[in-house]
Amino acid sequence: MAIFQWLNNQLLRMDWLSASVRGLMEALGIDVGTRLGGSLHFFIYDVIKIFILLGVLIFAISYVQSHFPPERTRAIVGRFRGLPANTLAALLGTVTPFCSCSSIPLFIGFVGAGLPLGVTFSFLISSPLVDLASVILLASIFNWPIAIAYVAVGVVLAVVGGTLIERAGLQRHIEPFVLDNPIADVPQAELTRAERLAYAREQVVDVFGRVWAYVLVGVAIGALIHNWIPQQVIAALLGSDKLWAVPLATVVGIPMYADIFGTLPIAEALVARGVGLGTVLAFMMAVTALSVPSLILLRQVVRPPLLAVFVGIVTLGIVAIGYLFNAFAYLLV
Amino acid sequence: MKIEILGSGCKRCIQLGENAEAALAAAGKSAEVVKVTNPVEIARRGVMSTPGLAIDGKLVSTGRVLAADEIGRLLP
Chain A
73 MAIFQWLNNQ LLRMDWLSAS VRGLMEALGI DVGTRLGGSL HFFIYDVIKI FILLGVLIFA
133 ISYVQSHFPP ERTRAIVGRF RGLPANTLAA LLGTVTPFCS CSSIPLFIGF VGAGLPLGVT
193 FSFLISSPLV DLASVILLAS IFNWPIAIAY VAVGVVLAVV GGTLIERAGL QRHIEPFVLD
253 NPIADVPQAE LTRAERLAYA REQVVDVFGR VWAYVLVGVA IGALIHNWIP QQVIAALLGS
313 DKLWAVPLAT VVGIPMYADI FGTLPIAEAL VARGVGLGTV LAFMMAVTAL SVPSLILLRQ
373 VVRPPLLAVF VGIVTLGIVA IGYLFNAFAY LLV
Chain B
43 MKIEILGSGC KRCIQLGENA EAALAAAGKS AEVVKVTNPV EIARRGVMST PGLAIDGKLV
103 STGRVLAADE IGRLLP
């Protein structure tokens, strides 16, 4: 257990990096005990850590994900009905590669091929929310029980959300062209090992290109929270005794578009300043699950009433999860 | 020959288009390179992860930015 903890601290939390950056700064005569020095230390350490994690994780995960193209997910899920179909869609959503730029063809590919609307939404909720990278990253800043609990509630939210959307009878609010066009089911050639490695490499370059700016901004905000915003302000806004903390964190997070890598430093800093675990997770979930750009894309295939129900269910779900984690955090820490 | 790039116009799609042009140049072949950006058309053709690449109407790859030499091997 001690060895496991040590590995976790060194490989995921990268305590060695924190110590090296501190050593280097001290050698240059910068006191990390001061506010400016502390912020600088957090910024340098966190940026390097997140970029290392991003490179290694995206590569490994993309390799795994190359085994689960959306076509395969559609074929597997299509064999089931009802709750099992929603559950499978939510679970496969965690391993199927997903980029919001493909969300429209994916939605049409699922619904147009006859998958129920609710099953498709189970997939669309879980896919950005609980991917493998987020699990490992949560384990790195918190611990494994929290990461596993996060996956569990994320999958439950996707299953419940999808089922409710199905039951709400909103199928008439799908844009007609989605259902009117026959979808070609092109058989996929099995990829070779070299192709999977090439795909994983491409993904690292692509994700890096898309998120590096968010990471820098996220770390800068994290450093701000860490060292500059007074403790009283944070406690007054987001303290665990404040009932509005969870809804506030959720509402602030929803319009934001960022990757889990960008939210991570903010989450880390908030937790360090004593903000409730549920509040922080609600913020992360809101940022990754819903965003203005992804809703604008989704609007192309579903009409406003269905979009509103989707946003409403996911928002309420995230708030509920936030309260749940705040109430039971003591079991996980 | 007709090469189609199926994708919403994201960075990866543009890169795939450039790689296709490079592959054609390297092979000394000429073809019409067309970008298909309509999401319905993309989905109808069976692409769920963009970008997709079709040669003479046949879908040969989805979700990957093929390198120029990979595309070169797929050219007729």
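Going line by line, the protein sequences match chains A and B.
In terms of this note's numbering, the first sequence opens at residue 73 and continues consecutively.
In terms of this note's numbering, the second sequence opens at residue 43 and continues consecutively.
Using N, Cα and C, we set each Cβ at its ideal position, and we do this for glycine too.
For the alpha helix (DSSP H) assignment, the uninterrupted runs of no fewer than 4 residues enclosed by the region 233-260 of chain A are, from N- to C-terminal side, 248-252. Residues of chain A whose Cβ lies closer than 7 Å to the Cβ of B:Gly-88 are, in chain order, Ile-255, Ala-256, Asp-257 and Val-258. Here the region 342-354 of chain A makes contact with the region 385-404 of chain A; the two share three or more CB pairs at distances below 8 Å. Distance from the CA of A:Arg-153 to the CA of A:Phe-280, rounded to the nearest whole angstrom, comes to 38 Å.
Only buried fits A:Asp-331, as 16 or more other CB atoms lie within 10 angstroms of its CB. In summary, A:Leu-336 is buried, with 16 or more beta-carbon neighbours lying within 10 Å of its beta-carbon over all protein chains present. DSSP places B:Thr-104 in the strand class (E or B) of the three-state scheme. Distance from the CA atom of A:Val-291 to the CA atom of B:Cys-55, rounded to whole angstroms, is 30 Å.
Per DSSP, the unbroken alpha helix (DSSP H) holding A:Val-289 starts and ends at 265-299. Boundaries of the beta strand (DSSP E) around B:Lys-77: 74-78. B:Pro-81 has a beta carbon lying within less than 9 Å of a beta carbon in chain A. A:Leu-196 counts as buried, since no fewer than 16 other beta carbons sit within 10 angstroms of its beta carbon. Residue contact check for B:Glu-46 against chain A: no CB pair falls below 9 Å. For A:Pro-141, the closest C-alpha among the options B:Ser-103, B:Lys-77 and B:Glu-60 is that of B:Ser-103. Around the Cβ of A:His-139, a 10 Å sphere holds fewer than 16 other Cβ atoms; the residue is exposed. Short of 7 Å from the beta carbon of A:Ala-240, and not among the five residues preceding or following it, lie these beta carbons of its own chain, in chain order: Val-381. Shown here for A:Tyr-222: same chain residues with a beta carbon closer than 6 Å to its own, the five before and five after excluded, namely Leu-210 in chain order.
If you compare the alpha carbons of B:Gln-57, B:Arg-115, B:Val-89 and B:Val-76 with that of B:Lys-44, the shortest gap goes to B:Val-76.
Under DSSP, the beta-bridge partners assigned to B:Glu-46 are B:Val-76 and B:Ala-96. For A:Gln-137, the enclosing alpha helix (DSSP H) begins and ends at 107-137. For A:Leu-309, the closest of A:Arg-282, A:Arg-345 and A:Ile-293 by C-alpha to C-alpha distance is A:Arg-345.
Taking B:Ala-110 as reference, the option from B:Glu-63, B:Ser-72 and B:Ile-97 with the minimal CA-CA separation is B:Glu-63. Here A:Gly-165 is near A:Val-202, since their CB atoms are less than 9 Å apart.
Here A:Leu-129 is near A:Ala-205, since their CB atoms are less than 9 Å apart. Secondary-structure assignment with DSSP links A:Val-374 through a beta bridge to A:Ile-246. Contact between the region 315-335 of chain A and the region 368-377 of chain A is absent, with fewer than three C-beta pairs closer than 8 Å. Taking C-beta atoms under 8 Å as the contact rule, B:Ala-85 and A:Pro-177 qualify, at a distance of about 4 Å. Residue range 110-116 is occupied by the alpha helix (DSSP H) that includes B:Asp-111.
Near chain B, meaning a CB-to-CB distance below 8 Å, the residues of the region 121-144 of chain A are Pro-141, Pro-142 and Glu-143. Boundaries of the alpha helix (DSSP H) harbouring A:Gly-181: 175-183, taken from the DSSP string.
Annotation for B:Thr-92: Leu-48, Gly-49, Ser-50, Cys-52, Arg-54, Cys-55, Ile-84, Thr-104 and Gly-105 place their beta carbon closer than 8 Å to its own, counting only its chain and skipping 5 residues before and after. Residue ranges of uninterrupted alpha helix (DSSP H) with 4 or more members, entirely inside the region 148-178 of chain A and ordered along the chain, are 154-165. Close partners of B:Arg-54 in chain A (Cβ separation under 9 Å): Cys-171, Cys-173, Glu-274 and Asp-278.
For the C-beta of B:Val-107, the chain A residues within less than 8 Å are, from N- to C-terminus, Glu-274 and Asp-278.
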